[in-house]
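Student: Residue numbers (this note's numbering), protein chains in the order written: chain A, 1 to 235; chain B, 236 to 470.
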DNA sequence: GAATAAAGTGTAAATTGCACACTAAGTAGT
DNA sequence: ACTACTTAGTGTGCAATTTACACTTTATTC
C-alpha cells in the first residue's frame, strides 16, 4: 500500500534592494551544452527534491544555502502544492525531462519563503544548473510548473505575517535607517504609511536598537542608524 | 532522479458538544480478528495516503467524507509534517506494518483541520478499519506517529484563525444561542469573555441571523436562537 | 407567588488608531 | 558665508475601538 510520489521543496526568496521587493529565480536552459537560445530558457523558483533522510525544513535550508551559503535566516513553510497536474501535465515535457522530475511521476512540493539581506547574498554559481536572477515581484515572468501560484501565495503570506512577526528587518542591511524600513514596509504592503505613526510603532519594539552612528555620504541631514536584535523576544 | 516518498493527508476534525472542544480519533486494533486487547489499541488521527490522481484538498475531503459523509464543510490545510523519522523510526513497527504504511518507507503528511457540527456527524463504520471516538482536546492520549504534534498545531492554528475567519459557528448546531456561541469561543480561546462585549461584536457580523424562535425546554428565560449564514461574505 | 437561573441590555473610561505640518541638520553650489 | 535643497525628526487633537462593569427581564419550578 504505497502511493510513491516525489516530494520537493521550493523556496520563494525575497530580497530588497532599496527600490523594490525582489524574488530570486533560476534561469535554466534546455540542454547542458551551455548554448542558451532565448526561447528555450525556463525560469523557476529554486527548489529540489527532498533527500530521503532529510526533514522538509532541512531540505529548504539546503536549497537556500546552496544559493546563498547563508545559515540561520528566516525560513518559513507556508503551503504545500499537490495538484496532480502541477508537474505532469505541462506542455513542454521535453524541458521537464531535462530539469529535475520524471514527467511520468507526480511531484508535490512544500513551499517555503525566506527573507535575505541582499548585501549578504553570494550566488553560488555551481549549485543550481541555471543562473540566479533577482526579479521585482511585480515583474515576475511566466515560471515553470505552478511556480507563479507559489510566488503569489508567498507574497500574500508575507504581507499577512509582516506585522505580526516583525520580519521586515530581515530584508535590510545590518544597519538601516527608519526611512529605509518604512520604504520597505510600504513596498511590501503596497501602500503609503504615515511617517510619524510608523516611527511611533517601531519605537515600541525593543528589538530595534538605535546605534551610536549616523548615516554617511548623503547630502542632507544624516539619519540615525538602527540594528535589529533577533534574540530579543518581543512579547 | 526520484525520491519516492509516500504522501498522506491527516485530518484534525474538531467538534463541540456543549461542554468541551473535541477531536475525532480512530482507535485501531493490532490484528483483524476483532479481538482488541487493551494494550494493542492504537489511536490516531483519521488520514490516508493520497491517491495518485487526486489533489491534496480532494484527498482531505475524501477522508472527511468517509468519516462523516458530509460535504462542503470548512477544511483547511495548515501544515505539512515530514520528519524522516515521523513514521519510519517508531518502536512498534509491527503495528505499523498492519496499519497503512510500509515501515521501510518514509511518509510525509499534509495536515488539514476541519470543523463539524456534532449533530451532523454520522460515523461511517466501514470507512476506517477502526472505531471513531470523540476526545476532549485536553485529554488526547498518546497517538500514533507524530499525531500529537499535528493535533497540537491544529489547535494553535484554530485559535489564531477563529477571530479572523469567523469559523466558530461551524461547530454549533444549526440553531444556536449566543450563550452557546460564547461558551464555544471561551473554550477554544481558553479564556473568559465579557458577555456584553461579545454580543456587541457578534451583532456586527451580518452572517449571524436571528430567528423567530426561542430556545425551548429550559428552566429559565429562553434565549433567542440564531443561525449562521455561510453565504454572506463578511467584508 | 416566591425563588431560581440564565438572558438580555448601556454607558463611561481608557486605549489605540489616524490625520496632519513644521523645524532641524547636513550638503552643494554660489 | 550664505542660500537652496533634501531628507530627518518630532507632537497633538480627534475619532474609533476596546474594555470594564451591574441590573432588569422572563421564563420555570416548587
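Idealized CB from N, CA, C, for every residue including glycine.
Quick test of your reading: residue 407 (chain B) and residue 415 (chain B), contact by CB under 8 angstroms. State the CB separation rounded to the nearest angstrom.
Tutor: The pair is a contact, with the Cβ atoms about 6 angstroms apart (cut-off 8 angstroms).
Student: Got a sec: is the Cβ-Cβ distance from residue 355 (chain B) to anything in chain A below 7 angstroms?
Tutor: Cβ-Cβ to chain A under 7 angstroms: no for residue 355 (chain B).
Student: With residue 243 (chain B) as the anchor, note down where its beta strand (DSSP E) starts and where it stops.
Tutor: Residues 241-251.
Student: When you compare the CB of residue 167 (chain A) with every CB in chain B, is at least one pair closer than 7 angstroms?
Tutor: It does not; no Cβ of chain B falls within 7 angstroms.
Student: At the level of alpha carbons, what is the spacing between residue 53 (chain A) and residue 61 (chain A)?
Tutor: For residue 53 (chain A) and residue 61 (chain A), the distance between alpha carbons rounds to 14 angstroms.
Student: Just to confirm my understanding: we take residue 428 (chain B), look at its own chain, exclude 5 residues before and 5 after, and list those with CB closer than 8 angstroms. What are they?
Tutor: Only 417, 420 and 421 meet the Cβ criterion.
Student: Would you mind stating whether residue 121 (chain A) and residue 11 (chain A) have Cβ atoms separated by less than 7 angstroms?
Tutor: Against a cut-off of 7 angstroms, the Cβ pair of residue 11 (chain A) and residue 121 (chain A) comes out as no contact.
Student: Do you know how far the Cα of residue 117 (chain A) is from the Cα of residue 307 (chain B)?
Tutor: In a straight line, the C-alpha of residue 307 (chain B) is about 43 angstroms away from that of residue 117 (chain A).
Student: How many angstroms separate the CA atom of residue 46 (chain A) from the CA atom of residue 26 (chain A)?
Tutor: The straight-line gap from Cα to Cα measures roughly 6 angstroms.
Student: How about residue 137 (chain A) and residue 5 (chain A): do their beta carbons lie closer than 7 angstroms?
Tutor: Their beta carbons are not under 7 angstroms apart, which means residue 137 (chain A) does not touch residue 5 (chain A) by this criterion.
Student: What is the DSSP secondary structure of residue 93 (chain A), counted as helix, strand or coil?
Tutor: At residue 93 (chain A) the pLDDT is 43, less than 50, meaning the model places this residue with poor confidence; the figure from the coordinates comes in the next sentence. It is helical.
Student: When we look at the beta-carbon of residue 453 (chain B) and count the other beta-carbons within 10 Å, is it buried (16 or more) or exposed?
Tutor: Residue 453 (chain B) should be labelled exposed.
Student: Quick check: is the beta carbon of residue 385 (chain B) nearer than 7 angstroms to any beta carbon in chain A?
Tutor: So, not an interface residue.
Student: So with Cβ pairs under 7 angstroms, would you call residue 368 (chain B) a contact of chain A?
Tutor: Judged by the 7 angstroms Cβ criterion, residue 368 (chain B) is not in contact with chain A.
Student: For the beta strand (DSSP E) that contains residue 341 (chain B), what are its first and last residues?
Tutor: It is not in any beta strand (DSSP E) - residue 341 (chain B) carries neither H nor E in the DSSP assignment.
Student: For residue 358 (chain B) versus residue 364 (chain B), is the C-beta spacing smaller than 7 angstroms?
Tutor: No, these two residues do not count as a Cβ contact at 7 angstroms.
Student: Can you list the residues of chain B that residue 52 (chain A) reaches, using a CB-CB cut of under 9 angstroms?
Tutor: The contacting residues are 238, 239, 240, 319 and 341.
Student: DSSP state of residue 292 (chain B), grouped into three classes?
Tutor: In this structure, residue 292 (chain B) counts as helix in the three-state DSSP scheme.
Student: Let me know if residue 156 (chain A) comes out buried or exposed under the rule of 16 or more other beta-carbons within 10 Å of its beta-carbon.
Tutor: Classification for residue 156 (chain A): exposed.
Student: Can you give me the Cβ contacts of residue 16 (chain A) inside the same chain, cut-off strictly under 6 angstroms, excluding the 5 residues immediately before and after it?
Tutor: 171 and 184, listed in sequence order.
Student: Alpha carbon to alpha carbon, how far is residue 360 (chain B) from residue 80 (chain A)? Give it in angstroms, no decimals.
Tutor: When rounded, the distance between both Cα atoms is 30 angstroms.
Student: Looking only at its chain, what residues have a beta carbon closer than 7 angstroms to the beta carbon of residue 227 (chain A), apart from the 5 residues adjacent to it on each side?
Tutor: Taken in chain order, the residues that qualify are 174, 175, 209 and 211.
Student: For residue 147 (chain A), which residues in the same chain have their Cβ closer than 6 angstroms to its Cβ, ignoring the five residues on either side in sequence?
Tutor: Contacts found: 44 and 45.
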